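Trainee: Below is a structure I'd like to ask you about.
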Amino acid sequence: MNGYLHLWLIPLLPFVGFLINGILGNRLPKWLVSTVALLAPLAAFVAVLDAYASLYPLVPPVCVPGNCANAWHYISLPYVETCPMPWIRIGALHIDFSFVFDQLSLVMLLVVTGVGFLIHVYSVGYMNDDEGYARYFSYLNLFLFFMTVLVLAGNALVMFVGWEGVGLASYLLIGFYFQKKSAADAGKKAFIVNRIGDFGFLIAMFLLVANFGTLTFTEIATKLGQDPGWTGGVVTMITLCLMLGAAGKSAQLPLYIWLPDAMEGPTPVSALIHAATMVTAGVYMVARTHVLFDHSPFALGVVAIVGAATAIFAATIALVQNDIKRVLAYSTISQLGYMFLGCGVAAYSAAIFHLVTHAFFKALLFLAAGSVIHGLGGEQDLRKMGGLWKKLPITFAVTTVGVLAIAGIPPFAGLFSKDAILYAAFLQGPNGKLLWFVGVVTALLTSFYMFRLWYLAFWGKPRSEDVHAHESPWSMRGPLLILALLSISGGWIGIERSAGWVNMERFSGFLAPVFGARGATEGNAQLELTLSAVAVGVALLGWLAAYLFYREKSTVATRLAGALPGGYKLLANKYFVDEFYGATVVKPLLGFSKYILGWVVDVGIVGGAAWLLGGIALLTGAILQRWQSGNLRSYAAWLAAGAAAVLLFLLVPWTMVLAALPAIHPGVAGH
Amino acid sequence: MSSFLAQEVPLSWYLLLSAALFSLGVVGFLIKRNLITVFMSIELMLNGVNLSFVTFAHQWHAVKGQIFVFFVMMVAAAEAAVGLAIIIAVFRARATLAVDRIDLMKL
């Protein structure tokens, strides 16, 4: 059974691409670099599709007892593929390098390799003039390698390998323009903030080993299922630590600060890593370890609150940002908050659904923003754009699709997944209603800031003279159009007609084997429809507000900012969180490093020990130096004295002398 | 008279002479300032040792002692050649043969 799906090919193909472009890239012609770089994710995507297809064999399995002909066609999920070589064997702890393939990893793999491939294609056009062309694509392939490892991981340690790997790729790509100090700093910031999250992940793994004796997800689920006593306590601790890791990777409160700075990287990187795939790894991890979270209502509550708080917090900041990529970055943080909100109300399938649709429309929005930036020769300031719809018609069209999708206007993708989350939250009792309300307000803000971006960039008169904006090459427009199609229709995969009513259960039905069938929901189609109507209503309200604020010659926005200078300043400066962390964490840490570690420990203790050793050597040397008088005859005299001493020692019969000593002792002699 | 001549010189006399020669060499090495005298003192020590070698060889009728003496004499000859060359070179460079003033290696 092992090895039939050849899952190991999926990560390996991008890795081969990374090796070729990383080692030889600078010497290869550009077309060959592009070919290798595009083939790697395409082949991985095909491998995923192949694995998907093999779930539905053309020849139905014929299995009579004792004779299983064709049985190899049939693959039952979850399907585990383990490296035959043992990886870690410490006492009773066995950890293998294993991949697991089930509905959850399948969905995630399709998104990662599919969207990943589209963004690779886009990058060919976007990075065309860049010096680090081969370096860029080798990093991108490296990212896909680690991301697929993360997704396929059958135990927490393999997942951690991928987890750290995507962090590395993210660091390398944020700091891609490393000559620029801000880019290099942003890369370091992302890496260090992620370390805090990884600390949580590590602690969670230690606790898992200590309490469960295994890191394999399926075994943990089995052990939890065997003993109903596993609730709260240690499980809460483990899940909270996991949540810390997820908050670091997925840019949730309080560790979100690295994501806006990560926009220093090339725009396709922002689309792939910092919108569509890597930042959703935290959501995926929570979904993957959902059995643990299911046993700890407290941790689930924390996840839901963190998600909802992040969603509305980031959305308010996005209202006043002027950098087109930063608006999208805060929007990403906000949408990730939605996903955690979904996880927190145990609607994992809704969270994964939103992950998928978000990957489509946020990748689309980022790539469209990249197209705008590319067309304007590097301009990212919304205040200097305007009137672009005439000059960049295709970019304008796809951005419109993306904006409508994220705002939640039917029938675009965002509505379905967002509503699935909000509906699940609404059913969670009174606290759930509060979460739902926060979600709806966030939806209003989302709609507002996205249409603000839309109006500022594409409508009105051009606010900058120098622009001779031009549409992007086809390698960039193609992925945009495909992603636009997906952003329109991506939500429809959730629709199912059953029991005479159209409902949204198809996607969660597909994932049900992983997450378990949820108990019959107390809600009904009527309620769901009403809530959807509310969501669409606030989305339209946000659109209307944005129209009033930012259509041509409107002064509402500036007047409002003038009327509430404190509030505007607070938002424009992102609640001063970076400054707050700088004063409370970074500065004390730097001070501690400089004065305690640097001066006391390094100079004082370590340096002091070195000086002490050197001083001892110098002192002994100064004493022994006296022997080296330089006087030849004194050396000879010492030599002769030594020889005389040896002779004396050898020739004198010491035993006899010592025996005779008492005899000449005056006291003894008296007897 | 003939009986006196036929009588062997006792072993201890040879050894005493050998020790006296060696001690003279040591003392000369220690108290003399002139490099050449020091050098001659070394030769004196070597010959003192040679005498005891020959004495024991004769006493025990063993040829090894004689062979050792040849080795010592050869080494002494080589040493004399090298040592005198060094002494001449030192004299040319420093215009002195006083060992107390040849102390460049001192810190």
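As you go down the protein sequences, you meet chains A and B in turn.
One point on numbering: in this note's numbering, the residue at position 670 of the first sequence is 670, and numbering is uninterrupted.
For any residue, its number in this note's numbering is found by taking its place in the second sequence, counting from 1, and adding 1000.
Virtual Cβ for every residue (Gly too), placed ideally from N, Cα, C.
Please read these numbers as outputs of a predicted model, since none were measured by experiment.
Establish whether the CB of A/Thr632 and some CB of chain B are separated by less than 7 Å.
Mentor: Residue mapping note: residue 632 of chain A aligns to position 632 of the first sequence, counting from 1. The question names Thr, yet the displayed sequence has Leu at residue 632 of chain A. Interface criterion met: the Cβ of A/Leu632 is under 7 Å from a Cβ in chain B.
Trainee: Taking 7 Å as the CB-CB cut-off, is A/Ala640 touching chain B?
Mentor: Taking the first sequence and counting its residues from 1, the one referred to as residue 640 of chain A is at position 640. It does; some Cβ of chain B falls within 7 Å.
Trainee: Would a check of beta-carbon distances place B/Val1026 closer than 7 Å to chain A?
Mentor: The sequence position of residue 1026 of chain B within the second sequence is 26, counting from 1. B/Val1026 counts as touching chain A.
Trainee: Tell me the rounded alpha-carbon separation between A/Leu658 and A/Val646.
Mentor: The count along the first sequence starts at 1 and reaches residue 658 of chain A at position 658. The count along the first sequence starts at 1 and reaches residue 646 of chain A at position 646. Approximately 18 Å, taken between the alpha carbons.
Trainee: Can you give me, in chain order, the residues of the stretch 1060-1073 of chain B that have a beta carbon less than 8 Å from any beta carbon in chain A?
Mentor: none
Trainee: Hey, is B/Val1099's beta-carbon within less than 7 Å of any beta-carbon in chain A?
Mentor: Here the question's residue 1099 of chain B lines up with position 99 in the second sequence. At least one chain A Cβ lies under 7 Å of B/Val1099.
Trainee: Taking its Cβ as the centre, do 16 or more other Cβ atoms sit within 10 Å of A/Ala71, making it buried, or is it exposed?
Mentor: Within the first sequence, the letter at position 71 stands for residue 71 of chain A. Low confidence applies to A/Ala71: its pLDDT is 47, below 50, so where it sits in the model is not reliable enough to give any reading.
Trainee: Does the beta carbon of A/Ala610 sit closer than 7 Å to a beta carbon anywhere in chain B?
Mentor: Within the first sequence, residue 610 of chain A is the residue found at index 610, counting from 1. It does not: the Cβ of A/Ala610 has no partner Cβ on chain B nearer than 7 Å.
Trainee: Chain A beta carbons: is any one of them nearer than 7 Å to that of B/Leu1123?
Mentor: Shown here, chain B extends from 1001 to 1107; a query on residue 1123 of chain B therefore has no answer.
Trainee: With DSSP run on the structure shown, which of helix, strand or coil describes B/Asp1100?
Mentor: The residue labelled residue 1100 of chain B in the question sits at position 100 within the second sequence. The answer is helix: DSSP assigns B/Asp1100 an H, G or I state.
Trainee: 7 Å is my cut-off, CB to CB: does B/Phe1053 come that close to chain A?
Mentor: Sequence index remark: in the second sequence, residue 1053 of chain B carries index 53 (1-based). It does not: the Cβ of B/Phe1053 has no partner Cβ on chain A nearer than 7 Å.
Trainee: Quick one: using the 10 Å Cβ neighbour count with 16 as the cut-off for buried, is A/Glu131 buried or exposed?
Mentor: As a working mapping, residue 131 of chain A is identified with position 131 in the first sequence. Counting Cβ neighbours within 10 Å, A/Glu131 comes out exposed, since fewer than 16 surround it.
Trainee: Can you name the start and end residues of the beta strand (DSSP E) that A/Thr82 belongs to?
Mentor: For the purposes of this step, residue 82 of chain A is taken as the residue at position 82 of the first sequence. In this chain, the beta strand (DSSP E) harbouring A/Thr82 covers Tyr79 to Thr82.
Trainee: Taking A/Gly494 and A/Phe416 to be in contact with their CB atoms under 8 Å, please state how far apart those CB atoms are, rounded to whole angstroms.
Mentor: For this step, residue 494 of chain A is matched to residue 494 along the first sequence. For this step, residue 416 of chain A is matched to residue 416 along the first sequence. Yes, A/Gly494 and A/Phe416 are in contact; Cβ-Cβ is about 5 Å, under 8 Å.
Trainee: I'd like the list of long-range same chain contacts for A/Val158, defined as Cβ closer than 7 Å, with 5 residues on each side in sequence excluded.
Mentor: The residue given as residue 158 of chain A occupies position 158 in the first sequence. Result list for A/Val158: Phe97, Ser98 and Val149, in chain order.
Trainee: Under the three-state reduction of DSSP, which class applies to A/Gly3: helix, strand or coil?
Mentor: Counting from 1 along the first sequence, the entry for residue 3 of chain A is found at position 3. Residue placement at A/Gly3 is poorly supported in this model, since its pLDDT is 46, which falls under 50; the coordinates still yield a value, given next. Three-state result, A/Gly3: coil.
Trainee: Hey, A/Ala351 and A/Trp163 are a contact pair by Cβ (cut 8 Å); roughly how many whole angstroms apart?
Mentor: Position 351 of the first sequence, counted from the first residue, corresponds to residue 351 of chain A. Position 163 of the first sequence, counted from the first residue, corresponds to residue 163 of chain A. No, A/Ala351 and A/Trp163 are not in contact; Cβ-Cβ is about 18 Å, not under 8 Å.
Trainee: What are the residues of the stretch 616-627 of chain A that lie near chain B, defined by any Cβ-Cβ distance shorter than 8 Å?
Mentor: Gln625
Trainee: With distance defined between alpha-carbon atoms, name the residue in A/Leu24, A/Val441 and A/Gly567 nearest to A/Ala309.
Mentor: Here residue 309 of chain A is taken as the residue at index 309 of the first sequence, counted from 1. Comparing Cα positions, the closest option is A/Val441.
Trainee: What does a CB cutoff of less than 7 Å around A/Met237 pick up in its chain, not counting 5 residues either side in sequence?
Mentor: Translated into positions along the first sequence, residue 237 of chain A becomes position 237. Cβ neighbours of A/Met237 beyond the five flanking positions: Leu207.
Trainee: Suppose you measure from the CA of A/Leu172 to the CA of A/Val601; what does that come to, to the nearest Å?
Mentor: Stepping through the first sequence from its first residue, residue 172 of chain A is reached at position 172. Stepping through the first sequence from its first residue, residue 601 of chain A is reached at position 601. Spanning the two alpha carbons is a distance of roughly 32 Å.
Trainee: Compare the C-beta of A/Leu661 with all C-beta atoms of chain B and state if any pair is closer than 7 Å.
Mentor: For the purposes of this step, residue 661 of chain A is taken as residue 661 along the first sequence, with counting starting at 1. Cβ-Cβ to chain B under 7 Å: no for A/Leu661.
Trainee: So with Cβ pairs under 7 Å, would you call A/Ala636 a contact of chain B?
Mentor: Stepping through the first sequence from its first residue, residue 636 of chain A is reached at position 636. Yes - at least one Cβ of chain B is within 7 Å of the one on A/Ala636.
Trainee: How many Å lie between A/Leu93 and A/Gly200 at the Cα?
Mentor: As a working mapping, residue 93 of chain A is identified with position 93 in the first sequence. As a working mapping, residue 200 of chain A is identified with position 200 in the first sequence. Each residue's Cα considered, the two are about 21 Å apart.
Trainee: State the DSSP-derived secondary structure class of A/Asn322, mapped to helix, strand or coil.
Mentor: One-based indexing of the first sequence puts residue 322 of chain A at position 322. It is coil, neither helix nor strand.
Trainee: Quick one: what's got a C-beta closer than 6 Å to A/Trp258's C-beta in the same chain, skipping five residues either side?
Mentor: On the first sequence, residue 258 of chain A is found 258 positions in, with the first residue counted as 1. Excluding positions up to five away in sequence, the list reads Lys189, Ala190 and Val193.
Trainee: Within 10 angstroms of the Cβ of B/Val1063, are there 16 or more other Cβ atoms? Answer buried if so, exposed if not.
Mentor: For the purposes of this step, residue 1063 of chain B is taken as the residue at position 63 of the second sequence. A residue is called buried when at least 16 other Cβ atoms come within 10 angstroms of its Cβ; B/Val1063 does not meet this threshold and is exposed.
Trainee: Establish whether the CB of B/Phe1056 and some CB of chain A are separated by less than 7 Å.
Mentor: To locate residue 1056 of chain B, count along the second sequence from 1; it is residue 56. Put simply, the CB of B/Phe1056 is far from chain A, with every gap to its CB atoms at 7 Å or more.
Trainee: In the structure shown, what three-state DSSP assignment does A/Asn21 receive?
Mentor: Taking the first sequence and counting its residues from 1, one reaches residue 21 of chain A at position 21. Taken through DSSP and simplified to helix, strand or coil, A/Asn21 comes out as helix.
Trainee: Are A/Phe146 and A/Val115 touching if we call contact CB-CB under 7 Å?
Mentor: Counting from 1 along the first sequence, the entry for residue 146 of chain A is found at position 146. Counting from 1 along the first sequence, the entry for residue 115 of chain A is found at position 115. For A/Phe146 and A/Val115, no; Cβs fall outside 7 Å.
Trainee: Taking only the alpha-carbon atoms, compute the straight-line gap between A/Met656 and B/Gln1007 and give it to the nearest angstrom.
Mentor: Numbered from 1 along the first sequence, position 656 holds the residue referred to as residue 656 of chain A. Numbered from 1 along the second sequence, position 7 holds the residue referred to as residue 1007 of chain B. Distance between the alpha carbons of A/Met656 and B/Gln1007 is about 36 Å.
Trainee: In chain order, which continuous runs of the alpha helix (DSSP H) of length 4 or greater are located wholly inside the stretch 114-198 of chain A?
Mentor: Runs found: 133-152 and 156-174.
Trainee: Under the three-state reduction of DSSP, which class applies to A/Ile88: helix, strand or coil?
Mentor: Here residue 88 of chain A is taken as the residue at index 88 of the first sequence, counted from 1. Of the three classes helix, strand and coil, the one that applies to A/Ile88 here is strand, per DSSP.
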